[in-house]
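Enquirer: Next up is a structure, given as structure tokens.
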Amino acid sequence: MDIIYQPWPWYVAGPLIALVMFLLVYSGKTFGVSSNFRTMCAIGGAGKVNDFFKFDWKASMWNLVFLGGTVIGGFIAANYLTPDSSVAINPKTVQVLSEIGIENAGQQYLPPEIFSPESAFTLKGFLILVLGGFLVGFGTRYAGGCTSGHAITGMSNLQIPSLIAVIGFFIGGLTMTYLILPLLIQ
Amino acid sequence: MKMILFAIFGIAFGIIAAKAEVISWFRIYEMFRFQSFHMYGIIGSAVVLGAILIQFVKRSKMKDIDGNQIVLSDKNKSVARYLLGGTIFGLGWALSGACPGPMFILAGYGYYTILIVIVSAILGTFTYGLLRGKLPH
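Those protein sequences? They're chains A and B, same order as listed.
In terms of numbering that gives the first Met the number 0, the first sequence opens at residue 0 and continues consecutively.
In terms of numbering that gives the first Met the number 0, the second sequence opens at residue 0 and continues consecutively.
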């Protein structure tokens with residue numbers, strides 16, 4: 000039992016994620032989280048403003064239910080399966096982070112310097128979170144998918160467009176990590 | 000009834016991603032620094048097993064749970080939208096440390112400020128919808 004309470008290694012998590020994808024395909028659906036953002040826009044009435052959001056969102060209800068499940072999954076993991084929420088990242092990474100002003104990296108899942116309420120509700124902290132979310136929401140719909148849709152499902156289905164999208168994920172991710180993040184955080 | 004299945008799949012995915020620390024900002028940062036194999040191992044092994052399963056679905060002409068033929072459509076051929084959209088996504092992924100799935104798992108985990116990120120992501124998708132006619136695809 001103890002092994003469940005420890006962090007799960009990659010060779011357990013990766014195959015299990017593939018299995019979730021397969022179960023969704025076997026259920027006649029597909030594994031793609033980001034389309035829920037479009038569905039939420041449609042439910043909020045965005046179809047009145049723009050045709051992109053004029054579609055039968057009721058047919059996407061299953062995906063919102065899946066999404067609701069992930070929230071519950073996070074709750075269960077936090078409250079019943081994870082006695083210690085520290086993340087054993089590479090000591091070199093801890094060192095690099097401390098140089099850009101993020102101390103004690105890995106003591107919990109998210110850095111308090113960005114996500115604690117004290118940081119998030121300063122003007123700068125708020126703008127960082129808003130910018131991050133906005134880029135994800137804009138980029139994922141422009142690219143037609145996110146990590147689940149492109150990196151897992153698309154690449155499993157040997158789709159060249161998904162490979163191009165993943166290359167884009169890394170161009171953006173590396174640019175942010177090496178060039179922009181140090182300026183934003185410090 | 001099938002809706003219960005999707006809820007269970009979601010719960011499973013939430014637990015897997017949380018327990019494997021995929022939802023951790025630090026794991027994403029470490030990945031982009033190439034200082035750990037963890038995230039590459041997860042995505043890599045998911046894709047390898049996923050590819051085997053998808054090939055099996057296609058070659059066996061598998062039917063879904065309702066008896067309908069499973070059809071996996073090909074993505075439209077293009078470069079611009081995937082590269083540009085992907086790059087914009089990557090900038091946001093590395094900043095917020097969360098892609099769409101983990102955002103919601105984190106909310107359940109108890110990191111409530113992630114809701115700012117979620118609301119902003121919905122606005123990002125909305126803005127894309129408004130501008131998409133002007134963007135190269």
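For glycine and all other residues, C-beta sits at the position ideal for the given N, C-alpha and C.
Quick one: grab the DSSP three-state call for GLN107 of chain A.
Expert: If DSSP states are grouped into helix, strand and coil, GLN107 of chain A belongs with coil.
Enquirer: Measure the alpha-carbon distance for GLY67 of chain A versus PHE55 of chain B and round it to whole angstroms.
Expert: Each residue's alpha carbon lies about 30 Å from the other.
Enquirer: By how many angstroms is the C-alpha of LEU122 of chain A removed from the C-alpha of ILE51 of chain B?
Expert: Roughly 48 Å between the two C-alpha positions.
Enquirer: Can TRP92 of chain B and ILE27 of chain B be called in contact, C-beta distance under 8 Å?
Expert: Yes.
Enquirer: Thinking C-beta only, is LYS62 of chain B closer than 8 Å to ILE69 of chain B?
Expert: Contact: yes.
Enquirer: Taking C-beta pairs closer than 8 Å, name the residues in chain A that LYS80 of chain B reaches, listed in chain order.
Expert: According to the sequence shown, residue 80 of chain B is Arg rather than Lys. Under the 8 Å cutoff, chain A gives TYR141, ALA142, GLY143.
Enquirer: Determine the contact status of PHE137 of chain A and TYR81 of chain B, defining contact as a CB-CB distance below 8 Å.
Expert: It is not a contact, given that the beta carbons lie outside the stated cut-off.
Enquirer: DSSP three-state call for GLY123 of chain A: helix, strand or coil?
Expert: In the sequence on display, residue 123 of chain A carries Lys and not Gly. In this structure, LYS123 of chain A counts as helix in the three-state DSSP scheme.
Enquirer: Can you tell me where the alpha helix (DSSP H) holding HIS149 of chain A begins and where it ends?
Expert: Per DSSP, HIS149 of chain A belongs to no alpha helix (DSSP H) and is neither H nor E.
Enquirer: Who are the Cβ neighbours of PRO6 of chain A in its own chain at under 8 Å, not counting the five residues just before and after it?
Expert: So the qualifying residues of the chain are VAL86, ALA87.
Enquirer: Spatial neighbours of MET154 of chain A within its chain, please: C-beta separation below 8 Å, excluding the five flanking residues on both sides.
Expert: Result list for MET154 of chain A: SER161, LEU162, VAL165, in chain order.
Enquirer: Name the chain B residues that come within less than 7 Å of TRP56 of chain A, Cβ to Cβ?
Expert: Within 7 Å Cβ-Cβ: nothing; TRP56 of chain A doesn't reach chain B, min ~13 Å.
Enquirer: Could you name the residues of chain B that LYS91 of chain A contacts, counting a contact when the two beta carbons are closer than 7 Å?
Expert: Those within 7 Å of LYS91 of chain A in chain B are GLN34.
Enquirer: Per DSSP, which one or two residues make a beta bridge with LYS62 of chain B?
Expert: In DSSP, LYS62 of chain B forms a bridge with B:GLN68.
Enquirer: Hey, is MET39 of chain A's beta-carbon within less than 8 Å of any beta-carbon in chain B?
Expert: Closer than 8 Å to some Cβ of chain B, the Cβ of MET39 of chain A qualifies, so yes.
Enquirer: Can you check whether the C-beta of LYS76 of chain B is within less than 8 Å of a C-beta belonging to chain A?
Expert: So, interface residue.
Enquirer: Look at LEU128 of chain A and ILE121 of chain B and say whether their C-beta atoms are less than 8 Å apart.
Expert: Contact flag unset, no.
Enquirer: Taking DSSP as the reference, what is the three-state secondary structure of PHE31 of chain B?
Expert: Looking at PHE31 of chain B - three-state DSSP - the assignment turns out to be helix.
Enquirer: Which residue's Cα is closest to the Cα of SER33 of chain A: A:GLY143, A:GLY167, A:ILE184, A:MET175?
Expert: Among A:GLY143, A:GLY167, A:ILE184, A:MET175, the Cα nearest to that of SER33 of chain A belongs to A:GLY143.
Enquirer: Report back the beta-carbon spacing between ALA12 of chain A and ALA19 of chain B to the nearest angstrom; my notes put them in contact at under 8 Å.
Expert: Right, their Cβ atoms sit about 3 Å apart.
Enquirer: Which residues in chain B sit within 9 Å of PRO116 of chain A, going by Cβ to Cβ distance?
Expert: Result: TYR111, THR112.
Enquirer: Does DSSP put TRP7 of chain A in a helix, in a strand, or in coil?
Expert: Here TRP7 of chain A sits in coil by DSSP.
Enquirer: Check each candidate in A:GLY43, A:PHE65, A:ILE113 and name the one with the smallest Cα separation from THR124 of chain B.
Expert: For the residues A:GLY43, A:PHE65, A:ILE113, the minimum Cα distance to THR124 of chain B belongs to A:GLY43.
Enquirer: Just the Cα atoms here: how many angstroms apart are LEU109 of chain A and GLY66 of chain B?
Expert: Cα-Cα distance, rounded: 43 Å.
Enquirer: LYS91 of chain A by DSSP, collapsed to three states: which one?
Expert: Here LYS91 of chain A sits in helix by DSSP.
Enquirer: Is it buried or exposed for GLU98 of chain A, if we count other Cβ within 10 angstroms and need 16 for buried?
Expert: Exposed.
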